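Residue numbers are given in the working numbering: position 152 of the sequence shown equals residue 153, and the series is strictly consecutive. Where is the CB? At the ideal position from N, CA and C, for every residue including glycine. Predicted model, so just to flag it, every value in this text is computed and none were measured. Inspection log for the structure reproduced underneath, given as structure tokens.
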Amino acid sequence: MALEPQTDGLRPDPTITRGDSAELTSGHMTNAKRFAMGLPPLKPKTLRRGTRTRQTRGRGGASMLPAVPRRCNILVKDADEGTSFGYLKPEITSEGFYGAFQDSQANALEVSFSTPAGDDLTTQLDLFVENAPIPSKSWLGAGLCIWLDGDPEIHAGSWTFAGIGGSENPTPQGSPPEPVGNTASRSKWESAIWNYNPVTREITAQWIKADGSSPGTYLFYVADL
């Protein structure tokens, strides 16, 4: 996925100059690659895992640098092929997740967040959806979906995944899933899972397991979720 700043027809943020962009690229992972990582085969195109780098503070953390407010739209791209799926729509599927796209940036789903000034990766961010289809559930996050094998955790070899939707409140940084009201009616939810790189303008995700550990986290797109 990729972030794009607002342009004509959208409310401009004075801290973002026209022509800036913030990209989160996605990629296609073949079954061969998945088997090599101990993952089960999947049909959808997947997003590459974000690189873990030196952490700066997200929500609630102390920083000596001034906060930089950002407001962007999300453009979803295939990291391997460079093709675009389109901008994420402010729509929820029947299952309670985001997953529809549109060609135009105008009226696309819009998220806001703040990061410290500088070029460091900011982790454990909360993204607030300014035009959420359900205004009471505006925090972009993910809910645990236990599928097929009944495994309650995300890890290599498991079919369990987390679907992206909205929640009523943000969850604490670095915490495991919590029971918070959300668009998909999932009992285990996290919102402070997003990482932002101001140099590449990529957004990646990092899930936290119940034991506090951080499993390898990949973003993928399923057309019928």
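Around the beta carbon of Asp212, fewer than 16 other beta carbons lie within 10 angstroms, which makes this residue exposed. Residue state for Gly151 is assigned as coil, using DSSP reduced to three classes. Residue pairing by DSSP puts Arg72 in a beta bridge opposite Ser113. Burial check for Trp148: the Cβ neighbour count within 10 Å stays below 16, so the residue is exposed.
Within a 10 Å sphere around the beta-carbon of Glu111 sit 16 or more other beta-carbons, which makes this residue buried. In the structure shown, Ser168 adopts extended strand secondary structure according to DSSP, grouped into three states. Taking the Cβ atoms as the reference, Ile165 lies roughly 7 Å from Leu141, within the contact range of under 8 Å.
Approximately 5 Å separates the beta-carbon atoms of Pro171 and Ser192; this is inside 8 Å, confirming the contact.
Unbroken beta strand (DSSP E) runs of no fewer than 3 residues, entirely contained in the region 179–204, are found at 195–198, following chain order. Nearest to Gln103 by C-alpha distance, out of Gly119, Asn196 and Asn74, is Asn74. Between Ala133 and Gly167, the gap from beta carbon to beta carbon is short of 8 Å. Under the three-state reduction of DSSP, Gly87 is assigned to strand. Residue pairing from DSSP leaves Phe98 without any beta-bridge partner. In the structure shown, Lys138 falls within a coil segment according to DSSP collapsed to helix, strand and coil. In this structure, the beta-carbon distance from Val130 to Tyr222 does not fall below 8 Å. Sorting Val200, Ala157 and Ile135 by C-alpha distance to the C-alpha of Thr123 places Val200 at the top.
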